[in-house]
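Position in the sequence shown counted from 1, then plus 21, gives you the working numbering.
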Amino acid sequence: MHGIEKRLADLGVTLPDAPAPAANYVPFVQVGNLVHISGQISQNEAGLIKGKLGEDLSFEQGAEAAKRCAISLLAQLKKAVGGDWDRLDRAVKLVGFVNSTPDFTDQPKVINGASDFLVA
């Protein structure tokens, strides 16, 4: 078992199959040695995670939604590298969008739900 797969298992995470595109886009593109993964949506076993931070979702729920996006990112990445994690050196960039009320100001902390998961 590769170190990434082992670490995911240690974290209690099983990667789902790479989600199919929800619209007219390509899930990932390899350009040279870089893989660019299209945006992922927050979903769990019950389906889409919907809501607005500061209104009907807590900070913790937002961070969990960001983590779920990161899990989908890894599933897409695994598909992009043909399951060969040895092709991966590092993540270069992570971009996140947070649906929030105008007075909600902790968007970076919410996106840390994805960053912290990827670091772990």
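For glycine and all other residues, C-beta sits at the position ideal for the given N, C-alpha and C.
{"Query": "Determine whether the beta carbon atoms of residue 136 and residue 74 lie at a separation below 7 Å.", "Result": "no"}
{"Query": "Got a sec, what are the start and stop residues for the beta strand (DSSP E) residue 49 sits in?", "Result": "49 to 52"}
{"Query": "Are the CB atoms of residue 117 and residue 84 within a distance shorter than 7 Å?", "Result": "no"}
{"Query": "In this structure, does DSSP put residue 74 in helix, strand or coil?", "Result": "strand"}
{"Query": "Taking 8 Å as the limit between beta carbons, can you name the residues of its chain near residue 37, skipping five residues before and five after?", "Result": "92, 93 and 96"}
{"Query": "Since residue 65 sits in a beta bridge, which residues does DSSP pair it with?", "Result": "68"}
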